[in-house]
Structures are given as structure tokens and as C-alpha cells.
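Novice: In terms of our numbering, the sequence shown opens at residue 30 and continues consecutively. Glycine included, each C-beta is placed from N, C-alpha and C at the ideal position. Handing you this structure, nothing more for now.
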Amino acid sequence: MTVKKEGESCRILTVGEVSKRSGVAISTLHYYESMGLITSTRTSGNQRRYPAVVLRYIAVIKVAQRTGIPLEDVRKAFARLPNGSKLTHAQWWELSSEWRQMLDERIQKLTRLRDELDTCIGCGCLSLEDCPLRNPGDVLAAKGPGAHILER
Ligand code: FES
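Below, the structure is given as C-alpha cells:
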């Protein structure tokens with residue numbers, strides 16, 4: 030269904046259409062709505078209706094989830110966008126640049142994990158050949174719990 034809004038035609042979708050096109054279960058859409066990530070209007074029969082741009086928001090939510098960005102961070106980011114915003118390139122750029130730093134840190138950690146698991150990670154086991162070099166007598170225990178070399 031297409032409606033005219035502020036002179037612009039806007040496709041309106043049912044929850045089933047949104048679910049089918051986005052690949053997200055209806056129950057999850059309801060959950061996203063309860064978290065304030067997406068919004069809908071109601072028909073006189075109390076049925077949800079979404080502007081088609083909701084598909085763009087859901088796509089961003091799915092990307093964020095796949096990269097481990099908490100839904101709460103996504104919600105805060107969306108909350109800064111003007112109501113009914115189409116999530117333009119500029120807005121997406123601003124959003125993603127905020128997440129870029131978090132992703133870079135995560136990439137660094139994963140790279141370290143990949144590259145350093147075959148050597149002493151400072152976990153206290155003292156079981157590898159180079160533990161005496163990197164963690165003599167488990168001196169890193171003084172810093173508290175955790176694999177301090179890996180988690181730095
Ligand atoms: S790997 Fe555990 S202390 Fe070195």
C-alpha cells in the first residue's frame with residue numbers, strides 16, 4: 030500500500046510484509062519495537078503498519094548485531110535521528126563512524142587472539158615454553174584475574 034505523506038509517496042507495509050522482506054521474525058519485530066528501535070502506526074483495527082524505510086533500519090540492526098554492537102547502542106544512535114528519517118548516507122556515515130572505533134578495537138582484539146594463542150597469554154598456567162620469559166613465576170597474577178597479555 031502506498032500513501033502520500035508530506036507530498037511524498039510512502040509505501041506502508043504490514044508486519045508480515047516487513048518480516049518476509051527483512052527475514053526477521055514477527056516476534057523479533059515486536060521486540061525491536063518494544064526496545065524503541067523501530068516504530069509503527071496502528072490501523073483502526075489495531076494492526077501495525079510500517080513505512081517501508083523500516084527495512085533500512087532493520088538491516089542496520091542486523092549488521093550491528095552481527096558485529097556485536099549492543100542493541101542499546103543502536104537504539105541510542107537511532108534516537109538521535111530525526112523522526113521518520115530515511116537514514117541517509119550522511120546519517121549512516123555518522124552512525125557507522127561511531128561504531129567504527131568499537132569495531133576497530135574488536136578487530137584488534139580478535140587479531141591478537143588469532144596471532145597470540147600459540148604463545149604465552151599470561152593466564153597463569155605457566156605451561157608453555159615461553160611462559161618463563163613472558164610471565165616468569167606468574168608475576169602477572171599481581172594484576173588480578175585474566176590472561177593479561179592477551180587482554181591488554
Ligand atoms: S600461557 Fe598461561 S601463563 Fe603463559
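Kindly indicate which residue of PRO165, MET131, THR72 has the alpha-carbon position closest to the one of CYS154.
Specialist: Mapped onto the sequence shown, residue 154 falls at position 125. The shortest C-alpha separation from CYS154 is found at PRO165.
Novice: Quick one: what does DSSP say PRO80 is sitting in, helix, strand or coil?
Specialist: Numbered from its first residue, the sequence shown carries residue 80 at position 51. Here PRO80 sits in strand by DSSP.
Novice: Which class does CYS149 belong to by DSSP, given the choice of helix, strand or coil?
Specialist: Taking the first residue of the sequence shown as 1, we reach residue 149 at position 120. Here CYS149 sits in coil by DSSP.
Novice: Look up THR70 in the DSSP assignment and say whether it is helix, strand or coil.
Specialist: What you label residue 70 is simply residue 41 of the sequence shown in a count that begins at 1. Strand, per DSSP.
Novice: Within the present structure, is the beta-carbon of ALA176 separated from the nearest heavy atom of ligand 1 by less than 8 Å?
Specialist: Counted from its first residue, the sequence shown places residue 176 at position 147. Yes, since a heavy atom of ligand 1 falls inside the 8 Å radius drawn around the Cβ of ALA176.
Novice: Starting from the C-beta of GLU127, find all residues in its chain whose C-beta is less than 7 Å away, skip the five residues before and the five after it, and write them out in chain order.
Specialist: The residue you call residue 127 lines up with position 98 of the sequence shown. Within the same chain, GLU127 has close Cβ partners ALA106.
Novice: Say the cut is 8 Å; is the CB of ARG141 nearer than that to a heavy atom of ligand 1?
Specialist: As a first step, residue 141 is located in the sequence shown; it is residue number 112 there, counting from the start. No, ligand 1 has no heavy atom inside 8 Å of this Cβ.
Novice: Tell me whether GLY53 is buried or exposed, calling it buried when 16 or more other Cβ atoms sit within 10 Å of its Cβ.
Specialist: Stepping through the sequence shown from its first residue, residue 53 is reached at position 24. Note that residue 53 is Val in the sequence shown here, rather than Gly. Classification of VAL53: buried, given that the 10 Å Cβ count is 16 or more.
Novice: With three or more C-beta pairs closer than 8 Å as the rule, is the segment 92 to 104 touching the segment 114 to 132?
Specialist: yes
Novice: Rounded to whole angstroms, what is the Cα-Cα separation between ILE98 and LYS172?
Specialist: The residue given as residue 98 occupies position 69 in the sequence shown. The residue given as residue 172 occupies position 143 in the sequence shown. Answer to the nearest angstrom: the Cα atoms are 28 Å apart.
Novice: When we look at the beta-carbon of ILE136 and count the other beta-carbons within 10 Å, is it buried (16 or more) or exposed?
Specialist: Here residue 136 corresponds to residue number 107 of the sequence shown, with the count starting at 1. Exposed, because fewer than 16 other Cβ atoms sit within 10 Å of the Cβ of ILE136.
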